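The structure appears below as structure tokens.
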Amino acid sequence: LRKKHQKGNGRIRKAHQRTLETFFKGIERRLGVTYDAERVLQPTTSSQQSVPFVSFSEASQFNLHGYTVDDIMKDPRFRLQLALMEAGLHQTPYGREVISRGYHVPAAQRPSEENPLRMEY
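Numbering (our numbering), first residue to last: 4 to 124.
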């Protein structure tokens, strides 16, 4: 009984192998690509690029179209959302409510020179 199963498994494996071979040969015919070990080792187009690596100092000489990190950090809405994300509260109902309603500081809580409880940052 065991030998019958082994013979049956052997036939199934051979049939599976033949099916895979015909499948891959069909793909090679359709794509027009042949198996070539030397072609695999050849350099690619991107590795042969003519443009040299640009250092950070060279790249920083160009005009910036958009916002810098400093510009973004000046926005209190972004800072609020960032603080909520860091605390893990941005997905909670409280976090969603605070983000959707906006961030408003009452006049009594705004930092000013006259406020004796003002904190220095």
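Glycine included, each C-beta is placed from N, C-alpha and C at the ideal position. Source: prediction; values computed, not measured.
Please state the DSSP three-state secondary structure of residue i.
i, result
"Tyr124", "Any reading at Tyr124 must be qualified, since the residue scores a pLDDT of 49, below 50, and its modelled position is unreliable; no value is offered."
"Leu92", "coil"
"Val72", "helix"
"Thr58", "It should be pointed out that residue 58 corresponds to Ser in this sequence rather than to Thr. Note: Ser58 maps to coil in three-state DSSP."
"Thr25", "helix"
"Gln45", "coil"
"Ser63", "coil"
"Ser53", "coil"
Taking 9 angstroms as the cut-off, decide whether the C-beta atoms of residue i and residue j are in contact.
i, j, result
"Leu85", "Val101", "no"
Just to check my reading of the structure: residue i and residue j have Cβ atoms closer than 8 angstroms, yes? What is that Cβ distance to the nearest angstrom?
i, j, result
"Thr22", "Glu31", "Going by Cβ atoms, the distance from Thr22 to Glu31 rounds to 15 angstroms, so no, they are not a contact pair."
"Leu87", "Gly98", "5 angstroms"
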